[in-house]
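Residue numbers (the working numbering): 4 to 106. Each residue gets a CB set at the ideal place from its N, CA and C atoms; glycine is no exception.
Quick look at the structure:
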């Protein structure tokens, strides 16, 4: 069994980040935008682990990826709570229809 080259991980990470960025830019539903942000964070984690193989200690990239996952989980919980409160108040989760906060 041969090891996988790191450039393949970087290609997958770039593809995931691009898909997540496209979702954030073009979709208008709050939950879908949060899913795009999660895709971008996972792409960053893939790149961190791929680059950590060049680290002589080989532990710093994995530890930073673990920290990013913990922050992403907390961010998801807070963002979902905010989306639920916005839905209760405005009866919609479409970001284009939330115009009361602009005033």
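Check whether the Cβ atoms of residue 97 and residue 25 sit closer than 9 Å, and answer yes or no. Reading the chain shown from its first residue, position 94 is the one you call residue 97. Reading the chain shown from its first residue, position 22 is the one you call residue 25. Contact: no.
Out of 62, 27, 68 and 35, state which residue places its alpha-carbon closest to the alpha-carbon of residue 47. Stepping through the chain shown from its first residue, residue 47 is reached at position 44. Minimum Cα distance to residue 47 is reached at 68.
Measure the Cβ-Cβ separation of residue 42 and residue 14 and say whether it is below 9 Å. As a working note, residue 42 is residue 39 in the chain shown. As a working note, residue 14 is residue 11 in the chain shown. Not a contact, by the Cβ cut-off of 9 Å.
Residue(s) in a DSSP beta bridge with residue 32: Here residue 32 is taken as the residue at index 29 of the chain shown, counted from 1. According to DSSP, residue 32 bridges with 97.
On the three-state DSSP scale, how would you describe residue 1? In the structure as shown, the chain starts at 4 and stops at 106, and residue 1 therefore has no counterpart that could be examined.
According to DSSP, is residue 62 part of a helix, a strand, or is it coil? On the chain shown, residue 62 is found 59 positions in, with the first residue counted as 1. Three-state DSSP puts residue 62 in coil, outside helix and strand.
So, using beta-carbon positions, are residue 86 and residue 44 closer together than 9 Å? Within the chain shown, the letter at position 83 stands for residue 86. Within the chain shown, the letter at position 41 stands for residue 44. No, the pair does not count as a contact, with Cβ atoms beyond the cut-off.
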